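Under the numbering used here, think of the first position of the sequence shown as 404, with each following residue one higher. Think of the CB as a built atom: it goes at the ideal place given N, C-alpha and C, for glycine as much as any other residue. Here the structure is a predicted model, which means the values were calculated and not measured.
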Amino acid sequence: MMQLPPSKIDFYRTNGFVQIDNVFNPTELAELAGAMDEVMISNEGSSIQTDRAGGNYYKVLNQRVNTWRDHGVMAKYSLHPRLADLALQLTGASGIRLFHDHALWKMPGDSKPTPWHQDFPYWPMNESGALSAWIPMHDVDEENGCMMFVPGSHLKGKLTGVDLVNPQDIFDFEESKGIDRNSAVKVPLKAGSITFHNGLCFHYAHANNSDQARRVLALIFFPDGTTFNGKPHIITNDQGLVEGQPIAGGLYPLIAKK
Ligand code: SIN
Ligand code: NI
404 MMQLPPSKID
414 FYRTNGFVQI
424 DNVFNPTELA
434 ELAGAMDEVM
444 ISNEGSSIQT
454 DRAGGNYYKV
464 LNQRVNTWRD
474 HGVMAKYSLH
484 PRLADLALQL
494 TGASGIRLFH
504 DHALWKMPGD
514 SKPTPWHQDF
524 PYWPMNESGA
534 LSAWIPMHDV
544 DEENGCMMFV
554 PGSHLKGKLT
564 GVDLVNPQDI
574 FDFEESKGID
584 RNSAVKVPLK
594 AGSITFHNGL
604 CFHYAHANNS
614 DQARRVLALI
624 FFPDGTTFNG
634 KPHIITNDQG
644 LVEGQPIAGG
654 LYPLIAKK
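Dropping the structure here:
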């Protein structure tokens, strides 16, 4: 486990995101990266590839959801107690569950930025508090698709969801009044370092202008007790979740608790 200094926890709560360095050593990262390469080239299993090469969404993200259900090593890292424990410390929740993992690759070639958005409007949850861990397999910078965040934007609450393929400009929303796009900060990372961002924090990722795929594993964690809002979602559809009841059970495992 990694004990976060109070300054990191305060930073996350004030700004809606935080950078944490040296979470994984090179051996761990190589093991995770190798497993992700394997699941990304496989057509087997129950994980979901959201678009194919040539598609408009694929130009933003080559995405595969719930790789942990197909590969033991992906499960090892998606359910890694060190990560869930960091989420526990940042949120102050009594327990942390995994909502889903997703491999988020930005392919070289015709790459588009991930437009400014909040994540929370896409998730079928009533209470906010869910957050993403964003784990690159290599160094990331402006050239190959690092992230940007707007400090404090999570305090605006839940806005209208942005279409990631034909994006509206979130800064033009009436609801975004007072949020200055010029206050956004770029967060390049060294391999082994990660960020967490609150589902309400405005974020963006640069297009990948390098000649290699930008390979990221993102994990969505939520505080135990978060309830289902009944809205359709690719992960929860047809699972018998009950509106107003906690999202729970073995497909949303409780990984960390106080
Ligand atoms: C990305 O990795 O390009 C975007 C991640 C996110 O939207 O959370
Ligand atoms: Ni996002």
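Cβ distance (whole Å) where residue i is taken to contact residue j below 8 angstroms
i, j, result
"P633", "P527", "The sequence given here places Gly at residue 633; Pro does not occur at that position. Confirmed, Cβ separation roughly 7 angstroms."
"M550", "T598", "6 angstroms"
"D544", "P511", "With 8 angstroms as the limit, D544 and P511 do not qualify as a contact, their Cβ atoms being about 15 angstroms apart."
"D627", "G498", "3 angstroms"
"A490", "A651", "That belief does not hold up - the Cβ atoms of A490 and A651 are roughly 16 angstroms apart, past 8 angstroms."
"T639", "L567", "With 8 angstroms as the limit, T639 and L567 do not qualify as a contact, their Cβ atoms being about 19 angstroms apart."
"Y460", "T453", "6 angstroms"
Closer than 6 angstroms: residue i CB and nearest the ligand SIN heavy atom
i, result
"L620", "no"
"A594", "no"
"S535", "yes"
"L562", "no"
"A608", "yes"
"L493", "no"
"L507", "yes"
Cβ pair residue i, residue j closer than 7 angstroms
i, j, result
"G602", "D522", "yes"
"T630", "G647", "yes"
"R584", "F574", "yes"
"G480", "L407", "Note that residue 480 is Tyr in the sequence shown here, rather than Gly. No."
"Q466", "H505", "yes"
"S445", "R472", "no"
"N425", "G555", "no"
"V442", "H483", "no"
"A496", "L622", "no"
"R617", "N611", "yes"
"H636", "C604", "no"
"V553", "A587", "yes"
"L464", "L534", "no"
"M404", "R485", "yes"
Heavy atom of the ligand SAM within 6 angstroms of residue i beta-carbon
i, result
"T517", "With respect to the ligand SAM, the structure shown offers nothing to examine, as its ligands consist of the ligand SIN and the ligand NI."
Nonlocal neighbours in the same chain, by C-beta distance under 6 angstroms from residue i, ignoring five residues either side
i, result
"I538", "I597, L620"
"A438", "H474, V476, M477"
"V421", "K411, F414, Y415, F599"
"E530", "T629"
"D488", "M404, A659"
"I451", "V468"
"D614", "P511"
Contacts around residue i, its chain only, beta-carbon distance under 7 angstroms, and the 5 residues preceding and following it disregarded
i, result
"K462", "D513, S514, K515"
"L657", "G498, R500, D627"
"G560", "L603"
"K589", "E545, C549, M551"
"Y655", "R500, L501, F502"
"S579", "K559, L562, I573"
"Q492", "L407, I412"
Residues of its chain near residue i, where Cβ-Cβ distance is below 8 angstroms and the 5 sequence neighbours each way are ignored
i, result
"G564", "H520, Q521, P524, Y525"
"P429", "A594, G595"
"P570", "P518, W519, H520"
Checklist line | Contact shell at 6 angstroms, judged by CB to any heavy atom of the ligand NI, ordered along the chain | finding: H520, D522, H606
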